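K.L.:
Here it is, the structure, as structure tokens.
There are 4 protein chains.
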Amino acid sequence: MILPMKQCLGPNRNPTMSTTVNESKIAHLLISCPDRKGVIAAVTTAVAGCGGNVLDADQHADPNDGRFSMRLTFEGIDDRARLESTLGELDLRYRIRWPGPLPRMAILCSKQTHCVADLLWRASIAELPATVTRVISNHADAGNLANSFGFPYDHLMVSAQTKIAQETQIIELLKSDQVDLVVLARYMQILSPAFIAHFPNRIINIHHSFLPAFAGAKPYHRAFERGVKLIGATAHYVTDDLDEGPIVAQRTAHVTHRDTIEDLVRKGRDLERVVLAEAVRMHLEDRIIVDGRRTIVFE
Amino acid sequence: MILPMKQCLGPNRNPTMSTTVNESKIAHLLISCPDRKGVIAAVTTAVAGCGGNVLDADQHADPNDGRFSMRLTFEGIDDRARLESTLGELDLRYRIRWPGPLPRMAILCSKQTHCVADLLWRASIAELPATVTRVISNHADAGNLANSFGFPYDHLMVSAQTKIAQETQIIELLKSDQVDLVVLARYMQILSPAFIAHFPNRIINIHHSFLPAFAGAKPYHRAFERGVKLIGATAHYVTDDLDEGPIVAQRTAHVTHRDTIEDLVRKGRDLERVVLAEAVRMHLEDRIIVDGRRTIVFE
Amino acid sequence: MILPMKQCLGPNRNPTMSTTVNESKIAHLLISCPDRKGVIAAVTTAVAGCGGNVLDADQHADPNDGRFSMRLTFEGIDDRARLESTLGELDLRYRIRWPGPLPRMAILCSKQTHCVADLLWRASIAELPATVTRVISNHADAGNLANSFGFPYDHLMVSAQTKIAQETQIIELLKSDQVDLVVLARYMQILSPAFIAHFPNRIINIHHSFLPAFAGAKPYHRAFERGVKLIGATAHYVTDDLDEGPIVAQRTAHVTHRDTIEDLVRKGRDLERVVLAEAVRMHLEDRIIVDGRRTIVFE
Amino acid sequence: MILPMKQCLGPNRNPTMSTTVNESKIAHLLISCPDRKGVIAAVTTAVAGCGGNVLDADQHADPNDGRFSMRLTFEGIDDRARLESTLGELDLRYRIRWPGPLPRMAILCSKQTHCVADLLWRASIAELPATVTRVISNHADAGNLANSFGFPYDHLMVSAQTKIAQETQIIELLKSDQVDLVVLARYMQILSPAFIAHFPNRIINIHHSFLPAFAGAKPYHRAFERGVKLIGATAHYVTDDLDEGPIVAQRTAHVTHRDTIEDLVRKGRDLERVVLAEAVRMHLEDRIIVDGRRTIVFE
């Protein structure tokens, strides 16, 4: 199965519009192609031939679908066009992020603020290599928080009647921001397929269960009723099938009979924000290749 | 909801037939009743009034179903009848295991030996406080292993035609052994409701997934296909609903895109045997009270 | 070994000065005494005799030092003096926190803000049952943060020359605040024995290693040099011996050869704030009894 | 710092003497050299030029010591001499394990059997890709166990007077076995520097603490006294400095005030055997490069 490029690698980075400059000289190269003899040699020779110095490399040859994936970080290439031209001759799909502006990220949230607060804090200390363009919410709850960090906050209320209009408004904002990533930080609205189609493999959601267990609504309540001894959180790319998108990161934590539903919610907050932040960082650092329902995460 | 006693506490221990004597002077008391004012005082006063010295106590008052549960370990009571009579007046359900023979346990397994090997080894170094009466299997694979530890091994083959007869044979062996616990150590036959009815809340199974995810067959294959980032194992009491019984213990382990199905199986073996051993130890030490679909595990 | 009361239980709560009222009707009772027959019966009978309804109970009888510890939560007692008088006749040390104002907590920090930001956020959503009286720092870094949450911020610079004066100033602020807990949220000054003596078992520090490994300065650097495969964080009560106080909570996380010192610091931030918050919550909910160099934490 | 080859990579595999044949066609290549431009391209081009098909590759360029490390697995090379000759011209240190006999491993143990039992079981189901040549012990305890698996058992008692002679005897056995790995599975004798010098970076020990905490004797007792909230286990290569060798694998588990020293020992057994087995597998699969006091483990 050869995936269309946008599905596994996403589009090349658009360097315009960013406001924060990535001072590093490091480029990231992602490659996906059917496995074949000599492909690592060909790619690394191309990079070396253009004067590039490889800093980190990771590969994966999947024995199931015969697909080869690679991530290469390097520095020292002045003639970018020459490398792209050489790679273009190699019959493989690739994406490069050259040194330049940081990737651009928008955050959608609702009433609960633990995930958005955590992401904004991480962005503010530069733990996440991104420019946060704005926070959008159907509630007012996170407004002061976003403003205290200096980020724009769009409070776009939604009802059954206004859902399509509100989505259209959000899409326009995200498009004008030229975002590389949309983070659903406990955004409690289901996005339409039309929305999702605008940002293939560029929307990350956090679900408060260890998927595929407890997909859908109220996972902590159902976990409590089922009497599980651990709860979990799952960060995944959003597809048309709710809670069925490719999983990027998961964690679990132990619970006991003493834990009420409120305790599960409290323990879950700590899981959710760490798992979401991990997935977001992996995306922003170009560490993820989507392979059907699975992800390759070059940690 | 007030559960029938056998459902939440199980029958009192039958002290006959055991061959290994529990040298300790310690008794275990499990109590389950609707929560009410003064119940801890009443029970502990009863024990102290009979000369008992409490060594360990744990309680749980469930705010959802209003049920009170308690585990008490104590020593120093000579007049057992007097304590039982006093408890009998308190309008509660209880079960006592007096000092005496170790609980009796049988193990059922099939071709895979990692769980049975682990349990037998733990029993052999007295980490598990039980007398293993026998190992029963529909395959020959674990025979040498059981014999090397000195345990009887019954190889009872089964086919669609002989299933009822084989189950009847197993039930007779377990009844004649007077087992307190039946462990399904990767026993790959589905037990009939009739079988299960003989041993309510006394059959523990290990399932190789983090239930309720991947209930049913081939969980590692389905976990691989779904692209989860962690695998799990679940030990639970067996009920008529496959993989739906009350959960006793669960653990998960991280996996990555590099892990093949064979790797999941290998990592899973380490999870399964530890989770199963933990659940078995909890049962043998009288630490579990079943409360509907949930368990209270006094660790 | 019978510990002086203040050392294991701390003083009874002073209910004055608090501004936030604990609306619940629940009281917490902590007990510590030499183990003896009938002590649980005596205490629970006393509570029931005063009309109290026990909601949660936990005990521990230490086989090493023969010490009995107990935590009881109950509601429904109107005549508080009567219960205290009954308990006073039982020859044991106890501490009660009656329903009333929330415990009062001050936070000390320096340049790094991850722990203080996390604690303030948890307090702001009422996950931590405390009134934060103020944040004190020898640096200005966390000022805006504290103010954005509405908490007072005292920037008290310190040098070798002003250390005693600055400490005196802090002690006065904490005394006037009548704090129940002082949290060192990566406060990078060593407190004098005189300071510590004012708040016995009421100062919690977070150390960025799995103590006793890497006590002292620069633990992440030393962990990197030693080539460990996991890093950790430890929350402990502060005593005169640096990093030697009773441990309340610890966690570790895996690291690999790919992790630079900067990666350890980043991963460590997530550990530190969770471990510190856990220890602080245990203290605020009266779940900790100090027993020499060890802690009993009734989770 | 450029390490001598034997210190970081170990000697090339001696293919004689092995009795179990590795049926796979896969070769493992380990490389260590100062980092320089084009090294990945040079090595992978060499492999491709000899007809090799790369199945898995992993690299690490250490920014601290400027050292480049690489592990490559490949198949399809008929002319082994040609590849070795090509690699020989590249000014780097390498080691190849060609398809052929399984690596050879001996196990040393004392009275405690949990680690040796676990390793033998894993070897018996071919989870560990090794030929176990023998088990050597200064006690008789594991004899029946080893024999039940069909492995030779040498019971070589030792006293202060006979220590040198016993060590000499062990060295001779290991040399005649031509072992690739010596596993100290809770072997409670300290090996002399002379012994260690015979097997540089080929002796793996399991220590029952999270090193560097509790190096030396009785770690569980000291952990209990210190009141830690987690215990650990560490597998490391053995050097002349006791418990100071390069760490390969570590894990921790939570403990509480309820856990006695016996509980720590019991929980520790589960940690120790898993950590040791993990380290042994990494060594046998040629996944480890030693870099001073640190290890690179290509998982």
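The listed protein sequences correspond, in order, to chains A, B, C and D.
Start counting the first sequence at 1; every next residue gets the next number (my numbering).
Start counting the second sequence at 300; every next residue gets the next number (my numbering).
Start counting the third sequence at 599; every next residue gets the next number (my numbering).
Start counting the fourth sequence at 898; every next residue gets the next number (my numbering).
Backbone N, C-alpha and C define an ideal beta-carbon position, used for all residues, glycine too.
None of these values were measured; they are calculated from a predicted model.
Note down the Cα distance separating proline 613/C from alanine 1014/D, rounded to an integer number of angstroms.
P.N.:
A caution first: proline 613/C carries a pLDDT of 39, below 50, which makes its placement in the model unreliable, though a value can still be read off. Their backbone Cα atoms lie some 59 Å apart in a straight line.
K.L.:
For asparagine 919/D and histidine 1133/D, what's the separation of their Cα atoms in angstroms?
P.N.:
Residue confidence is low: asparagine 919/D scores 48 on pLDDT, short of 50, so the model does not pin down where it sits. Its coordinate-derived value is still stated next. Distance between the alpha carbons of asparagine 919/D and histidine 1133/D is about 26 Å.
K.L.:
Of all the residues that make up the stretch 1145–1177 of chain D, which are near chain B by a beta-carbon distance shorter than 7 Å?
P.N.:
The residues in question are Arg1163, Asp1167, Val1171.
K.L.:
Check valine 238/A in the structure and name its three-state DSSP category.
P.N.:
In this structure, valine 238/A counts as coil in the three-state DSSP scheme.
K.L.:
For a cutoff of 8 Å on Cβ pairs, would you count glutamate 725/C as touching chain A?
P.N.:
So yes, glutamate 725/C belongs to the interface.
K.L.:
With a CB to CB cut of under 6 Å and the five nearest residues on each side skipped, what residues in its chain are close to alanine 744/C?
P.N.:
Contacts found: Val733, Tyr751.
K.L.:
Chain C beta carbons: is any one of them nearer than 8 Å to that of valine 320/B?
P.N.:
Unreliable placement is indicated for valine 320/B, whose pLDDT of 44 sits below 50; no coordinate value is reported for it.
K.L.:
Taking lysine 229/A as the query, report the chain B residues whose CB atoms sit under 7 Å from its CB, ordered along the chain.
P.N.:
Simply Ile546, Ala548, Gln549.
K.L.:
CB-CB under 6 Å to threonine 594/B, same chain, minus the five flanking residues each way: which ones, in chain order?
P.N.:
Around threonine 594/B: Pro545, Val547, Ile587.
K.L.:
Let me know if threonine 168/A comes out buried or exposed under the rule of 16 or more other beta-carbons within 10 Å of its beta-carbon.
P.N.:
Result: exposed.
K.L.:
With a floor of 4 residues, list each alpha helix (DSSP H) that falls wholly inside the stretch 741–828 of chain C, ordered by position along the chain.
P.N.:
The qualifying runs are 741–746, 761–775, 791–796, 817–824.
K.L.:
How about isoleucine 788/C and histidine 819/C: do their beta carbons lie closer than 8 Å?
P.N.:
Contact flag unset, no.
K.L.:
From this set, Gln411/B, Gly399/B, Phe523/B, His327/B, which residue's C-alpha is nearest glycine 442/B's C-alpha?
P.N.:
Selected option, being the one with the closest Cα: Gln411/B.
K.L.:
In the DSSP output, which residue or residues are listed as bridge partners for leucine 29/A?
P.N.:
Leucine 29/A pairs with Leu72/A, Ile96/A.
K.L.:
Give me the chain A residues within the contact set of valine 596/B, using Cβ-Cβ distance strictly less than 9 Å, ordered along the chain.
P.N.:
Within 9 Å Cβ-Cβ: Lys229, Thr256, His257.
K.L.:
Over the uninterrupted alpha helix (DSSP H) stretch that includes alanine 1150/D, give me the two end residues.
P.N.:
Segment 1144–1151 is the beta strand (DSSP E) holding alanine 1150/D; no alpha helix (DSSP H) there.
K.L.:
State the start and end residues of the unbroken beta strand (DSSP E) segment that holds arginine 655/C.
P.N.:
One detail in the question is off: residue 655/C reads as alanine in this sequence, not arginine. Segment 651–659, the beta strand (DSSP E) holding alanine 655/C.
K.L.:
Does the CB of serine 323/B have a neighbour CB from chain D at under 8 Å?
P.N.:
Not one chain D Cβ lies under 8 Å of serine 323/B.
K.L.:
Between the stretch 424–438 of chain B and the stretch 395–414 of chain B, are three or more C-beta pairs nearer than 8 Å?
P.N.:
Yes, they touch.
K.L.:
Using a Cβ cut-off of 7 Å, pull out every chain C residue sitting near glutamine 358/B, in sequence order please.
P.N.:
The answer, in chain order, is Ala655.
K.L.:
Please list the partners that alanine 445/B has in chain D, where partner means a Cβ-to-Cβ separation under 7 Å.
P.N.:
Those do not exist, as alanine 445/B stays about 11 Å from chain D at its closest Cβ, beyond 7 Å.
K.L.:
Going by CA-CA distance only, name the one from Glu388/B, Asp542/B, Arg550/B that's closest to isoleucine 530/B.
P.N.:
Comparing Cα positions, the closest option is Arg550/B.
K.L.:
Cα separation between alanine 783/C and threonine 832/C?
P.N.:
Cα-Cα distance, rounded: 12 Å.
K.L.:
Pick helix, strand or coil for asparagine 620/C, following the three-state DSSP scheme.
P.N.:
Model confidence at asparagine 620/C stands at a pLDDT of 48, short of 50, so the residue's coordinates are unreliable; what they give is reported in the following sentence. DSSP places asparagine 620/C in coil when its eight states are reduced to three.
K.L.:
Would you kindly check if the distance between the Cβ of proline 398/B and the Cβ of lysine 324/B is under 8 Å?
P.N.:
Against a cut-off of 8 Å, the Cβ pair of proline 398/B and lysine 324/B comes out as a contact.
K.L.:
At what residues does the alpha helix (DSSP H) containing arginine 379/B begin and finish?
P.N.:
379–387 is the extent of the alpha helix (DSSP H) around arginine 379/B.
K.L.:
For a cutoff of 8 Å on Cβ pairs, would you count valine 589/B as touching chain C?
P.N.:
So no, valine 589/B is outside the interface.
K.L.:
Got a sec? Which residues, its chain only, sit under 7 Å from alanine 279/A by beta carbon, not counting five neighbours each side?
P.N.:
Correct list, in chain order: Ile204, Ala235, Val248, Ala249.
K.L.:
Give the straight-line distance between the Cα atoms of leucine 510/B and serine 32/A, rounded to the nearest whole angstrom.
P.N.:
If you take the alpha carbons of leucine 510/B and serine 32/A, they lie about 34 Å apart.
K.L.:
Could you tell me which of Cys115/A, Lys267/A, Ala194/A sits nearest to methionine 188/A, measuring between CA atoms?
P.N.:
Checking every option, the nearest Cα to that of methionine 188/A belongs to Cys115/A.
K.L.:
Should glutamate 1069/D go down as buried or exposed, given a rule of 16 or more other Cβ atoms within 10 Å for buried?
P.N.:
Glutamate 1069/D is exposed by the Cβ-count criterion.
K.L.:
Please list the terminal residues of the continuous alpha helix (DSSP H) segment that includes arginine 1163/D.
P.N.:
Here the alpha helix (DSSP H) through arginine 1163/D covers 1158–1181.
K.L.:
Can you tell me which of the three DSSP states aspartate 716/C falls into?
P.N.:
DSSP places aspartate 716/C in helix when its eight states are reduced to three.
K.L.:
Less than 7 Å between the CB of leucine 284/A and some heavy atom of the ligand FMN, yes or no?
P.N.:
Judged by which ligands are present, the structure shown has none, so any question about the ligand FMN falls away.
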